[in-house]
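Letter by letter, the sequence shown follows residues 302 to 654 in my numbering. Glycine included, C-beta positions come from ideal geometry on N, C-alpha and C.
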Amino acid sequence: MERIGTSRTTVRLGLGLVLAFVLVSVGCGTIAGVDFDKARLADSNDGLDGSAPSFEGPGGGTPRGDADGGVHASTCTPDPNAVTCADRCGPTEDNCKSSRECSTDCGTGKACAGGKCECVSDGTWCNNRCGQTQDNCGRPVDCGGCSGVGVECTANACGCTPEPVATTCAGKSCGTAVNNCGQTVACGNNGACAAAGAICKSDGSCCSDNGAACNGRCGGVRVTNNCGQEIGCPAQCPASQVCAGTSCCTPEPITTTCAGVACGPKVNNCGQTVICPDTCGPGKMCGAGAVGPNACCSPSLNPCGSRCSGTVVDNCGRTVTCNQLCSDGPCGCHTGTCRPNGICECNYNQLCP
């Protein structure tokens, strides 16, 4: 029992001594040979820790360098206008959830209403017609009876037998034409084009957007397509590309952009600013002092020189507090005093150099 009590006492004493050693060491600014006051001076950045600031490129946002190509490109490939605007007109949203401006020119016989191209009924449809029929949009319409004694309504015409629609619409794929009875008839698919998204031109021909006008374009820039329509190009670019202004661009690898520099911001081939990897290493600072934004600055080991108080700005732009003992300075005084101007003075009235 006595040995156990003695052992516990010994452990308590040992722990107490260790704790006392740590407290004393911290008070002196050192632990295990590390001078924390000096370490704080070496590591103090005062806002200049070597990390580069963020820069905004012309394409918007703050792209940063990464391992796969420098800037973050789109991960969604927008559908071409021929797909997005196949059954829509005016402002809409594409498959990438970006705004898109489809043309409001719906072609002959149609008008943009509620975001869709709708057929517009021809007000003269009943001219030279009679009876129950359908108008140019396929909507039911009653054109009434025929005037004159003995004139009968035959095939919706008064006293006339209409020629086949194929004959009247020869050479036309859409729109309207006038037949042998003076009636306006709808060509194609009730006056519309058979292909989705195609528009009917004034000459009765159909035109589909071939997508060429928006090739390589982005940012919603408005262009005129092969059908003469003014359209808005996609806001985004295909996956792996970025929108630089209104043109799509494939960013070069970050290793190409950052070749020959140690760190900091660089502009790539797409006009985007990327942050190059920091290769300065421990103790060095990127872009500090007069080295420029893409070089490393090595802080001075003795920025205070013979100063014993006050602050100085070192070669890397850091503000350093001087608190060395005069006997530790380069002047060689074994005993000295710190003057009010922050310069060490030897006790023999000799100024430290």
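Less than 8 Å separates the beta-carbon of C459 from that of V452. Under DSSP, R518 forms a beta bridge with S548. DSSP places V621 in the uninterrupted beta strand (DSSP E) bounded by 620 to 622. Here Q435 has P441, V442 as same chain residues with Cβ atoms under 7 Å from its own Cβ, once five neighbours each way along the sequence are excluded.
Along the stretch 443 to 497, the beta strand (DSSP E) occurs as fully enclosed runs of 3 or more residues at 477 to 479, 485 to 487, listed in sequence order.
The secondary-structure analysis by DSSP pairs S400 across a beta bridge with E394. Judged by DSSP secondary structure, A383 falls outside any beta strand (DSSP E) and instead within the alpha helix (DSSP H) spanning 382 to 385. Between the alpha carbons of N642 and T580 lies a gap of roughly 40 Å. Around the C-beta of A589, 16 or more other C-beta atoms lie within 10 Å, and the residue is accordingly described as buried. A straight-line Cα-Cα distance of about 23 Å links G424 and C507. Between G492 and T469, the gap from beta carbon to beta carbon reaches 8 Å or more. Counting the other Cβ atoms within 10 Å of the Cβ of T462 gives fewer than 16, which makes it exposed.
For G565, DSSP records a beta bridge to C577.
Relative to the Cα of K585, the nearest Cα in the group R619, I576, P554 belongs to R619.
DSSP lists V442 as the bridge partner or partners of T434. Sequence-distant partners of A387 (beyond 5 residues in either direction) whose C-beta falls short of 8 Å from its own C-beta, in its chain, are A497, G498. In terms of Cα proximity to G521, the closest of N429, G546, C413 is G546. The beta carbon of G416 lies closer than 7 Å to those of R389, C390, G391, T393 in the same chain, with the five residues before and after it left out. Here DSSP, grouped into helix, strand and coil, assigns T409 to coil. Shown here for T405: same chain residues with a beta carbon closer than 6 Å to its own, the five before and five after excluded, namely C390, G391, C413 in chain order. Per the coordinates, the alpha-carbon of T551 lies some 22 Å from the alpha-carbon of K398.
In this structure, the CA atom of G472 is about 21 Å from the CA atom of C407. For T612, the enclosing beta strand (DSSP E) begins and ends at 612 to 614.
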